[in-house]
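Line order of the protein sequences matches chains A and B. In terms of UniProt numbering, the first sequence opens at residue 1 and continues consecutively. In terms of UniProt numbering, the second sequence opens at residue 1 and continues consecutively. Don't be surprised by glycine CBs; every beta carbon is placed ideally from N, CA and C. Heads up: the structure comes next, in structure tokens.
2 protein chains.
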Amino acid sequence: MSVTDELLAGNAAYAARFSGPLPLPPAKHVAVLACMDARINVYGVLGLQEGEAHVVRNAGGVATDDAIRSLAISQRLLGTEEIVLIHHTDCGMLTFTDDGFKKSIQDEVGIKPPWAAEAFDDLEDDVRQSIARIRNSPFVPKKDSVRGFVFDVATGKLAEVS
Amino acid sequence: MSVTDELLAGNAAYAARFSGPLPLPPAKHVAVLACMDARINVYGVLGLQEGEAHVVRNAGGVATDDAIRSLAISQRLLGTEEIVLIHHTDCGMLTFTDDGFKKSIQDEVGIKPPWAAEAFDDLEDDVRQSIARIRNSPFVPKKDSVRGFVFDVATGKLAEVS
């Protein structure tokens, strides 16, 4: 059995105790942008229930153009007003460089990715970089509450980046 | 109290029962790409535990270049091999068009977003579009198991797109 099939069995168990549907707009009017890291269960980490928050995730939890696209849709069409950014300790993005990663792909397949890999060497600086990108974006209208945190994978705690 | 402060109280409760750290590479060697929709608690929907799967999310669960970036890092640096795509019923992306959304932003702030909004009018077709983008990408090496699903927000069930 593939892992995907195993997850489908997990879904059957979930659906058996599921109650829906909930409304489309997030009940808590908040959007979370977090790293894709497997150890960050966003709903668990923040005590969220289904239906309460948009959750955007990518490698690093970086405010890329695509994350800005998602946040713009979240705020403009679905009424979210606060943004919570989550990076984390022991992040894979600290272990390589954009140049090295892209060179390794180019060496293997002959094509250099046209995108930035978005690696970083300082967690808190990259949280600040993502906050600055959001604050600087003309497409995200609500910026009164854009706060960034580092999730500690050893303790489960969020520490705010000032 | 802001919603963000409320979520931080939720985090304190989570951390109090937290046990870590877990290893960095996802234990189940799988990456999930899902819509940011608030009603999709990916860990719940798939019966996942912390540490088991990368979770990439954006507006629509679309295989954008940024999602491809995340999947490339997931497979090449952190050993994932299967990809699970999740779109869902009652998706906000079905309610607008790229042109209309971008025009509304241009009318308000004077600048048209340089990115596609990635709206779509058929759920299953867009799942197939995302699968095709991944299969066509030279940057994602492992494509033996790329499967797409529609999550039903009324029943909690995943239906595979063929």
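Apart from sequence neighbours up to five positions away, the residues of its chain that approach Leu94(A) with a beta-carbon distance below 8 Å are Ala119, Phe120, Asp121, Leu123, ordered along the chain. In the DSSP assignment, Arg57(A) forms a beta bridge with Ala34(A), Arg57(B). Non-local beta-carbon contacts of Thr97(B) in its own chain, meaning distances under 6 Å to residues more than five positions away in sequence, involve Ala119 in chain order. Per DSSP, reduced to three states, the secondary structure at Phe101(A) is helical.
Think of a sphere of 8 Å around the beta carbon of Gly100(A): no beta carbon from chain B falls inside it, the nearest being about 11 Å out.
The stretch 39-54 of chain B and the stretch 29-43 of chain A touch, with three or more beta-carbon pairs separated by less than 8 Å. In the three-state reduction of the DSSP assignment, Gly92(B) falls in the helix class. Of Trp115(A), Gln106(A), Leu77(A), the smallest CA-CA separation from Thr64(B) is found for Trp115(A).
Note on geometry: alpha-carbon atoms of Ser130(B) and Ile73(A) lie some 19 Å from one another.
The beta carbons of Val161(B) and Pro21(A) sit no closer together than 8 Å.
Straight across, the Cα-Cα distance linking Ser145(B) with Asp107(B) is about 43 Å.
Close partners of Lys103(B) in chain A (Cβ separation under 7 Å) are lacking, with about 12 Å as the shortest Cβ gap.
Distance check between Val84(B) and each of Ala13(B), Gly10(B), Arg128(B), Thr155(B) places Arg128(B) closest, using alpha-carbon atoms only. Listed along chain B, no residue sits closer than 9 Å to Gly148(A) by beta-carbon distance, the nearest being about 10 Å off. Nearest CB-CB separation between Glu124(A) and chain B: not below the 8 Å threshold.
Within a 10 Å sphere around the beta-carbon of Val109(B) sit fewer than 16 other beta-carbons, which makes this residue exposed. One Cα belongs to Ala159(B), the other to Arg133(B), and the distance between them is close to 20 Å.
Of the candidates Pro25(B), Gly47(B), Cys35(B), Gly47(B) places its Cα closest to the Cα of Leu7(A).
With a threshold of 8 Å between beta carbons, Val109(A) makes contact with chain B. Secondary structure at Arg147(A): strand, using DSSP grouped into helix, strand and coil. The beta-carbon of Phe18(B) is placed less than 8 Å from the nearest beta-carbon of chain A. One thing to note: Ile111(B) has its Cβ within 8 Å of the Cβ of Pro138(A).
Taking 8 Å as the cut-off, the beta carbon of Ala34(A) is found no closer than this to the beta carbon of Arg69(B). Proximity of chain A to Asp90(B) at the Cβ level (cut-off 7 Å) is accounted for by Pro21, Leu24, in chain order.
Of all residues in the stretch 61-73 of chain A, the ones placed with a Cβ closer than 9 Å to any Cβ belonging to chain B are Val62, Thr64, Asp65, Asp66, Ala67, Ile68, Arg69, Ser70, Leu71, Ala72, Ile73, in chain order. Linking Asp125(A) to Val62(A) through their CA atoms gives a straight-line distance of about 11 Å. If the five residues before and after Pro26(B) are omitted, its C-beta is found closer than 8 Å to the C-beta atoms of Gly51, Glu52, Ala53, His54, Ser74, Leu78, Gly79, Thr80, all from its own chain and listed in chain order. Check the Cα spacing between Thr4(A) and each of Thr155(B), Val32(B), Gly92(B): the tightest is with Val32(B). Residue Gly92(B) holds the alpha-carbon nearest to the alpha-carbon of Leu24(A) among Ala12(B), Val30(B), Ala59(B), Gly92(B). Note: Ile86(B) is bridge-paired with Ala34(B), Phe149(B) in the DSSP secondary-structure output. In the assembly as shown, Arg135(B) is an exposed residue. Its beta-carbon has fewer than 16 other beta-carbons within 10 Å. In terms of beta-carbon proximity, Leu94(B) stays away from the interface with chain A, with every pair separated by 8 Å or more. In this structure, Pro113(B) is the residue among Ala16(B), Pro113(B), His87(B), Gly100(B) with its C-alpha nearest to the C-alpha of Ala67(A). Residue range 158-161 is occupied by the beta strand (DSSP E) that includes Glu160(A).
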